[in-house]
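Chemist: One structure coming up, written as structure tokens, with questions to follow.
So this is what it looks like as structure tokens:
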């Protein structure tokens with residue numbers, strides 16, 4: 001019963017390419033997040049969205065942008081991919097109500113060559 | 114802002130022994146502390162969480178304790194089994210944040226050897 005779906009498990013892109021990572025959730029959650037996961041650094045927040053068309057920067061937004069045109073979909077965009085953006089990218093969502101944890105997607109491992 | 118430190122970074126235990134992972138947080142106003150387990154190649158999954166009005170919570174072989182005075186919380190796994198091998202992340206809510214953001218620790222790689 002997958003509830004947060006990331007469109008690609010593995011991606012290989014060239015330096016300078018524009019890259020789109022897609023995330024879709026079917027739980028009608030208001031809040032959606034993009035994290036990158038690197039060994040020894042844990043999960044670092046790139047961007048998040050609390051409503052359609054609303055977005056806020058996280059801790060490491062440089063080199064990324066996001067789009068949320070529909071409630072269920074949150075896209076991460078690498079405007080011009082660089083090798084230091086090689087990483088595991090995790091999408092997560094949560095309801096806007098109360099204090100609860102996230103539901104994560106399975107992740108996209110992006111390699112920029 | 115909130116800072117979460119997690120120790121140890123790796124933990125090897127014999128099957129049947131206990132494992133303890135400790136996290137410290139910097140902002141005393143944090144009020145929610147979840148733990149996630151990420152098996153190899155899989156998504157992080159919430160395994161247990163605790164709120165600041167509770168000192169301890171148990172769920173079968175796992176438990177979490179919270180010491181608000183010392184600003185640390187710990188995950189305890191008893192009678193470890195090979196399927197407990199995974200990366201475990203702790204997290205803390207960010208005070209004043211309305212959107213449910215979490216600050217994560219760096220993770221602990223747990224290896225349970227038979």
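Chains as they are written, first to last, in this note's numbering: chain A, 1 to 113; chain B, 114 to 227.
Don't be surprised by glycine CBs; every beta carbon is placed ideally from N, CA and C.
Just so it is clear, the structure is predicted and the values come from calculations on it, not from any experiment.
Between residue 123 of chain B and residue 71 of chain A, what straight-line distance do the alpha-carbon atoms span, to the nearest angstrom?
Modeler: 38 Å
Chemist: Does the beta carbon of residue 40 of chain A sit closer than 8 Å to a beta carbon anywhere in chain B?
Modeler: So, interface residue.
Chemist: Note down, in chain order, each residue of its chain lying with its Cβ closer than 6 Å to the Cβ of residue 162 of chain B, except the 5 sequence neighbours on either side.
Modeler: 147
Chemist: What residues in its chain sit with their C-beta under 8 Å from that of residue 11 of chain A, if we drop five residues either side in the sequence?
Modeler: 19, 21, 108, 109, 110, 111
Chemist: Would you mind reading off the limits of the beta strand (DSSP E) that contains residue 113 of chain A?
Modeler: From DSSP, residue 113 of chain A is part of no beta strand (DSSP E); its letter is neither H nor E.
Chemist: For the beta strand (DSSP E) holding residue 94 of chain A, just list the boundary residues, first then last.
Modeler: Where residue 94 of chain A is concerned, the enclosing beta strand (DSSP E) stretches over 87 to 94.
Chemist: Determine the chain A residues that contact residue 162 of chain B at a beta-carbon separation under 7 Å, and present them in chain order.
Modeler: Within chain A, the residues near residue 162 of chain B are 101.
Chemist: For the beta strand (DSSP E) that residue 66 of chain A lies in, which residues bound it at each end?
Modeler: Looking at the DSSP string, the run of the beta strand (DSSP E) that includes residue 66 of chain A is 64 to 70.
Chemist: Name the residue from B:166, B:227, B:202 whose alpha carbon lies nearest to the alpha carbon of residue 117 of chain B.
Modeler: For the set B:166, B:227, B:202, the Cα lying nearest the Cα of residue 117 of chain B is the one of B:202.
Chemist: I want to see whether chain A comes within less than 8 Å of residue 170 of chain B, judged by CB atoms only; does it?
Modeler: Not an interface residue.
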